[in-house]
Amino acid sequence: MLREAETEAEERYSQQIRFAPIGAQGQRRLGEASVLVVGAGALGASLAQHMVRAGVGRLRLVDRDYVELSNLHRQTLYDEEDAEAALPKAVAAAAKLRRVNGRARIEAFVADVDRRNAESLAADVDLVLDGTDNAATRLLLSDACFSRGIPLVYGGVAGSGGMTALLVPGDHCCLRCLLGEEAPGGEDGPTCDTLGVISPAVEMVAALQAAEALKALTGNRSALRGTWLTVDAWHFSVKEWKLPPPVEPCPYCGWGESAAAARRELAEHGDSFRLSANGERAKEQNATEAALLCVRRAVAAEDVSIADRSESATGNALFGDDREAAKLIVLCGRDTFQLALKPSVSLSEWRRRLVAAGCAITADNRYLLRASTAAEERIVIFAEGRALIQGAGEPERAMEIYRHYLSDGTGREADETSVGF
Ligand SMILES: [Zn+2]
Numbered sequence: 001m002l003r004e005a006e007t008e009a010e011e012r013y014s015q016q017i018r019f020a021p022i023g024a025q026g027q028r029r030l031g032e033a034s035v036l037v038v039g040a041g042a043l044g045a046s047l048a049q050h051m052v053r054a055g056v057g058r059l060r061l062v063d064r065d066y067v068e069l070s071n072l073h074r075q076t077l078y079d080e081e082d083a084e085a086a087l088p089k090a091v092a093a094a095a096k097l098r099r100v101n102g103r104a105r106i107e108a109f110v111a112d113v114d115r116r117n118a119e120s121l122a123a124d125v126d127l128v129l130d131g132t133d134n135a136a137t138r139l140l141l142s143d144a145c146f147s148r149g150i151p152l153v154y155g156g157v158a159g160s161g162g163m164t165a166l167l168v169p170g171d172h173c174c175l176r177c178l179l180g181e182e183a184p185g186g187e188d189g190p191t192c193d194t195l196g197v198i199s200p201a202v203e204m205v206a207a208l209q210a211a212e213a214l215k216a217l218t219g220n221r222s223a224l225r226g227t228w229l230t231v232d233a234w235h236f237s238v239k240e241w242k243l244p245p246p247v248e249p250c251p252y253c254g255w256g257e258s259a260a261a262a263r264r265e266l267a268e269h270g271d272s273f274r275l276s277a278n279g280e281r282a283k284e285q286n287a288t289e290a291a292l293l294c295v296r297r298a299v300a301a302e303d304v305s306i307a308d309r310s311e312s313a314t315g316n317a318l319f320g321d322d323r324e325a326a327k328l329i330v331l332c333g334r335d336t337f338q339l340a341l342k343p344s345v346s347l348s349e350w351r352r353r354l355v356a357a358g359c360a361i362t363a364d365n366r367y368l369l370r371a372s373t374a375a376e377e378r379i380v381i382f383a384e385g386r387a388l389i390q391g392a393g394e395p396e397r398a399m400e401i402y403r404h405y406l407s408d409g410t411g412r413e414a415d416e417t418s419v420g421f
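Under full-length UniProt numbering, the first residue of the sequence shown is numbered 1, with each subsequent residue one higher.
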């Protein structure tokens, strides 16, 4: 049986094994490796496919969204049947990936990555691949990776271009230091809402991410690029900046007594410390300040970075008070708002309530329920207690829909603590 598996692997991966830097040893390492891919949209689905086809032994995939017709021009794992069935992307992707490589262990999660689950999702993997579409989730991934010493392959796409870097704890500074602490804050700018996105840009960035991942997983550390790279597939350009080293006092990527003190302060004061003090501390370290500023300036000059920041900025700015802001999050690109519900209500109970309230049910599977209001706005409820409101246009209207259909004033209010942004 073992011999049979070895023979099959030799045949399946023969061309990859023939590639000298990987070879038979690298292929064995891939088979023993575990990776986490966060997001199964355009980037994430492509990354997951690269990893599973290359022979990575275990893939953990997490995504919060479901397949729609508007995804199909760039999200190459999905087809019209997936969109018709309104399958969660993690579920549809896992089914396809199992058909691609039946020997890979695929773990799929339909969930939003937040501060509470980021650590456990990254707990036992060798590498994390970023296929998300927003800065807030990326920073959580960076925190989880740097506190556990796991390499993070960042990637972001909008319009015809994108950016990518493989950040190795111990060798490079973290994403929080790179983007600066203003990242989750409030500058408005072009996003995939305004720029759109084309499939070649996605594949270009995914290919660069996958190549670095393969180098890291097969032990080709000296071949790692070590740069922050921006590319544009339409106007063709490639630019590179050397990644700065760890920032000594940073609680995530730093080292020594000052980083330890920063970690203690972080444990004591939480987010407020991180947001106010970490950026200032990063600036204190003269040796890396110039390198950091250089990359930050490059990041700020690219539309994609601004797109990266826009979701959390919008999410924080929707309503004046924090409680409301925490409830409602804008998902980039599709006139979609997300909020958390109490998970104690079953999908069948939600179905009964929405029908009673005059909604038409347009999709109903074991993972989610989709309903259309009289004004043809869509409400999607996931089994884990999360809702998307689509077609509302304005956040105020999304909140009206929430209050009318999803809040009954009996303790089933949206739970502001369930959303970690
Ligand atoms: Zn850092």
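The beta-carbon is built from N, C-alpha and C at its ideal position, and this holds for glycine as well.
{"Check": "Exposed unless 16 or more other CB atoms sit within 10 angstroms - verdict on Q209", "Outcome": "buried"}
{"Check": "With 16 other Cβ atoms within 10 Å as the buried cut-off, status of D82", "Outcome": "buried"}
{"Check": "Exposed unless 16 or more other CB atoms sit within 10 angstroms - verdict on E284", "Outcome": "Residue placement at E284 cannot be trusted, given a pLDDT of 43 that sits under 50; what the coordinates show is reported in the next sentence. Answer is exposed; the Cβ neighbour count stays below 16."}
{"Check": "Uninterrupted alpha helix (DSSP H) stretches inside the stretch 17-51 (no shorter than 4 residues)", "Outcome": "23-32"}
{"Check": "Collapsed DSSP secondary structure at I401 in the structure displayed", "Outcome": "helix"}
{"Check": "Nearest-angstrom Cα separation, counted from R105 out to R353", "Outcome": "38 Å"}
{"Check": "CA nearest to the CA of E107, picked from V345, R58, D79, A123", "Outcome": "R58"}
{"Check": "CA-to-CA distance, P395 to T336, given in whole angstroms", "Outcome": "9 Å"}
{"Check": "Test item, CB below 7 Å from any non-hydrogen atom of ligand 1", "Outcome": "F146, C173, C174, R176, C177, P246, V247, C250, Y252, C253, G254, A282"}
{"Check": "Residue of C145, L368, A363 minimising C-alpha distance to L347", "Outcome": "L368"}
{"Check": "Rounded separation between F382 and E257 - CA only", "Outcome": "45 Å"}
{"Check": "Assigned exposure category for E10 - 16 Cβ within 10 Å defines buried", "Outcome": "exposed"}
{"Check": "Within-8 Å CB hit, G102 to chain B", "Outcome": "Absence of chain B from the displayed structure is noted, only one protein chain being present."}
{"Check": "Outcome for H235 when other beta-carbon atoms lying within 10 angstroms are tallied against a minimum of 16", "Outcome": "exposed"}
{"Check": "Buried/exposed call for V157, threshold 16 Cβ in 10 Å", "Outcome": "buried"}
{"Check": "Collapsed DSSP secondary structure at G256 in the structure displayed", "Outcome": "helix"}
{"Check": "Entirely enclosed alpha helix (DSSP H) segments - the stretch 78-149, minimum 4 residues", "Outcome": "80-85, 89-100, 115-121, 135-148"}
{"Check": "Burial state of T132 (16 or more Cβ within 10 Å)", "Outcome": "buried"}
{"Check": "As assigned by DSSP and simplified to three states, the class of R3", "Outcome": "helix"}
{"Check": "Cβ pair L30, V37 closer than 8 Å", "Outcome": "no"}
{"Check": "Distance between beta carbons of S147 and Y252, contact taken as under 8 Å", "Outcome": "6 Å"}
{"Check": "Buried/exposed call for R3, threshold 16 Cβ in 10 Å", "Outcome": "exposed"}
{"Check": "Start-to-end residues for the beta strand (DSSP E) that takes in Q390", "Outcome": "386-390"}
{"Check": "Unbroken alpha helix (DSSP H) run spanning Q209, endpoints", "Outcome": "199-217"}
{"Check": "Those residues which DSSP pairs with V231 across a bridge", "Outcome": "G162, V238"}
{"Check": "Other residues of its chain near V56: CB distance less than 8 Å, five sequence neighbours each side excluded", "Outcome": "L30, G31, A33, S34, V35, A104, L217"}
{"Check": "Among E349, G393, L178, the one whose alpha carbon lies nearest that of L406", "Outcome": "E349"}
{"Check": "Alpha helix (DSSP H) segment containing L69, residue limits", "Outcome": "No alpha helix (DSSP H) holds L69; DSSP gives it neither H nor E."}
{"Check": "Exposure of G149, with buried meaning 16 or more beta-carbon neighbours within 10 Å", "Outcome": "exposed"}
{"Check": "Beta-bridge partners of G55, as assigned by DSSP", "Outcome": "DSSP lists no partner for G55."}
{"Check": "Limits of the alpha helix (DSSP H) - the one that V355 falls within", "Outcome": "347-356"}
{"Check": "Sequence-distant residues of the same chain with beta carbon closer than 8 Å to A123, five excluded per side", "Outcome": "R148"}
{"Check": "Three or more C-beta pairs below 8 Å linking the stretch 215-231 and the stretch 160-167", "Outcome": "yes"}
{"Check": "Assigned exposure category for K242 - 16 Cβ within 10 Å defines buried", "Outcome": "exposed"}
{"Check": "Pair within 8 Å by beta-carbon distance, L139 and L175", "Outcome": "yes"}
{"Check": "Short Cβ contact (8 Å threshold) for V231 with G161", "Outcome": "yes"}
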